[in-house]
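Residue numbers (our numbering): 30 to 473. Glycine included, C-beta positions come from ideal geometry on N, C-alpha and C.
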């Protein structure tokens, strides 16, 4: 009787593992990712209209992150705003650990806990929400996203100190971009706020990669505001950059945000481990794999009534690198769980097998041993969930143009300089001093 009970428990465990791994989902994140990579964002958005329960157990947050992203790509900005707001609400609920669910992940696998997202995903949701509002011409709502980010950064820093871990929520770009939004607000208070964001961005860019060059827009804007407000700290930083071009008066500004490539995906590294003759398990942990894309650079052409200007885009944010660094920073904790969890199962199952052999005979013990090995091999699964619909990188450029109509286009090139595509960004009619944001995306 006892042997039947334990065999039933193991069979139930095998079934629960299938649910926890998301195999019961009728929409798989990889399906959405494939559509995004192939440029079929509208089809992906239609697919995401299926109930979120079809995305897999514990993937509520991931569903709305991916849904908001594909709706953004498809130009469905209102729908994307609603999806991202639901994702933000879920982030707030999950960002601090649930100890009871965390304990279950040590006993079974990481799919036993809901997907909580990484630090950079926690921050990037505000960035893309701001792009939604900019696409709809609503700068005020975009600024709300910037203000929300200020509190988020503090939460990330506090939790990182509490758990003594590194945090890679931003390389400086998002802070810099939010500074651009405040400066576009136009008031003296907005510009003072922008300078604070620029200073934080410079510090983080340097901390993230001391050898990286700062975006030209950041240097030019910070130099102007540092002089305007007489900020000694900012002026000192500006002097270390050498000559910085002044911002021309009477011009309009077009800031082009170029999203390119596809975020890396997680793969499983698996190591079979025979602990003893009759007990087999495995250690499995996730690794990020970069996805290939051709586009390496781009330039913006602005043709107005008084001539044409061509400006190259610059590196802003490497989402690939953020994701990989974040996972590497947590590698020790991930590996510890991957090693200790099979050992915990081994000690429990060995004791149980001894009890079964004593009470029900060797055949029942052998049957239990066989099923426990199957359970161990099946239940040990690396958590391969991530926000796959993200781009790999963000580039940025600013073009100063004369007031009036201007025609914009973007040209992309490969790493060896081969021209890839030309994208029509449309015509804008601009006023003197106006700042306009334009977003575009390359999938090649």
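Beta carbon of residue i nearer than 8 angstroms to that of residue j
i	j	result
residue 66	residue 472	yes
residue 72	residue 157	no
residue 428	residue 286	no
residue 357	residue 421	no
residue 431	residue 290	no
residue 461	residue 279	yes
residue 171	residue 210	yes
residue 200	residue 355	no
residue 204	residue 229	yes
residue 101	residue 161	yes
residue 96	residue 123	no
residue 441	residue 324	yes
residue 163	residue 466	yes
residue 64	residue 416	no
residue 198	residue 148	yes
residue 452	residue 438	yes
residue 87	residue 143	yes
residue 313	residue 410	yes
residue 419	residue 435	no
residue 352	residue 292	yes
residue 159	residue 174	yes
residue 116	residue 70	no
residue 300	residue 320	no
residue 252	residue 231	no
residue 178	residue 152	yes
Counted within 10 angstroms of its Cβ, other Cβ atoms place residue i as buried (16 or more) or exposed
i	result
residue 169	exposed
residue 413	buried
residue 345	buried
residue 318	exposed
residue 315	buried
residue 119	buried
residue 90	buried
residue 50	Because residue 50 sits at a pLDDT of 48, beneath the cut-off of 50, its placement in the model cannot be relied upon, and the following sentence gives the value as read from the coordinates. Per the 10 Å Cβ criterion, buried.
residue 391	exposed
residue 271	exposed
residue 361	exposed
residue 336	exposed
residue 212	buried
residue 53	Low local confidence applies: a pLDDT of 48 at residue 53 is under 50, so the model's placement there is unreliable, and no value is given.
residue 58	buried
residue 92	buried
residue 275	exposed
residue 456	exposed
residue 277	exposed
residue 248	buried
residue 387	exposed
residue 339	exposed
residue 217	exposed
residue 85	buried
residue 244	buried
residue 327	buried
Beta-ladder partner(s) of residue i, from DSSP
i	result
residue 282	429, 464
residue 146	Answer by DSSP bridge pairing: none, since residue 146 is not bridged.
residue 435	333, 457
residue 154	In DSSP, residue 154 forms no bridge with anything.
residue 450	441
residue 424	287, 344
residue 328	341, 440
residue 317	295
Where residue i falls: helix, strand or coil (DSSP)
i	result
residue 212	helix
residue 472	coil
residue 342	coil
residue 86	coil
residue 295	strand
residue 300	strand
residue 128	Below a pLDDT of 50, predicted positions are generally treated as unreliable, and residue 128, at 40, falls in that range; the measurement from the model is reported next regardless. In the structure shown, residue 128 sits in a helix (DSSP, three-state: H, G or I).
residue 91	helix
residue 134	Any reading at residue 134 must be qualified, since the residue scores a pLDDT of 47, below 50, and its modelled position is unreliable; no value is offered.
residue 312	strand
residue 241	coil
residue 230	helix
residue 70	helix
residue 414	coil
residue 165	coil
residue 197	coil
residue 359	coil
residue 274	coil
Report yes or no: do the stretch 216–224 and the stretch 251–270 share at least 3 C-beta pairs separated by less than 8 angstroms? Contact holds between the stretch 216–224 and the stretch 251–270, because three or more Cβ pairs, one in each stretch, are under 8 angstroms apart.
Validate contact between the stretch 447–456 and the stretch 262–282 using beta carbons, cut 8 angstroms, 3 pairs: For the pair of segments examined, the stretch 447–456 was found not to touch the stretch 262–282: the number of CB pairs separated by less than 8 angstroms stays below three.
Counting pairs of beta carbons, one from the stretch 423–439 and one from the stretch 269–283, are three or more of them closer than 8 angstroms? Put simply, the stretch 423–439 touches the stretch 269–283. At least three CB pairs are less than 8 angstroms apart.
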